[in-house]
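Counted from 1, the sequence shown has number 224 at position 44 by the numbering used here; the numbering is strictly sequential.
C-beta atoms are modelled at their ideal positions from N, C-alpha and C, and glycine is treated no differently.
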Amino acid sequence: YFQGADVILTADCVAYALGEYHNKYLKGHSIAIACPKLDQGREIYIEKIRAWFDDAKINTLTVMRMQIPCCGGLLGLAQEAAKRAKRKVPIKYIIVSVEGTIFKEEWV
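In structure tokens:
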């Protein structure tokens, strides 16, 4: 599913807040969903993301989160996995506002 893919790691609530989520962001991507506040197992997440980089050889990773404090850890998981990975993969970071618009979008 992730082999050679462009992957979106998205916070659970992004799809509900961003009306154009499915049409604009999911087309041509593989998706993984997480909630850094409610989910347990930080190391498990980091290892899975690292495996996407090294084993599945993904092309890009897009991290999408909401503009609320509880989503803040999602990018950190991806960045820690990137540090541990042998392959370098471009990471795009997108923050969605509570109003349902793109607050920030950048390559990190």
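Closest by CA to V278, which one among A195, I188, H202 and K272?
Comparing Cα-Cα distances from V278 to each of A195, I188, H202 and K272, the minimum goes to A195.
By DSSP, does F283 sit in helix, in strand, or in coil?
In this structure, F283 counts as strand in the three-state DSSP scheme.
Considering only their Cβ atoms, is the gap separating I238 from F122 smaller than 8 Å?
Any property of residue 122 remains undetermined from this structure, which presents the chain solely from 181 to 288.
Whole angstroms is fine: what's the gap from G256's alpha carbon to A191's?
If you take the alpha carbons of G256 and A191, they lie about 13 Å apart.
May I ask which residues mark the beginning and end of the alpha helix (DSSP H) holding V194?
Note, V194: alpha helix (DSSP H), V194 to A197.
Measure the C-alpha to C-alpha separation of S210 and I274 and round it to an integer number of angstroms.
Roughly 16 Å separates the two Cα atoms.
Using only alpha-carbon positions, find the residue among R245, K207, Y225 and V187 that is nearest to R264.
When only C-alpha atoms are compared, the closest one is Y225.
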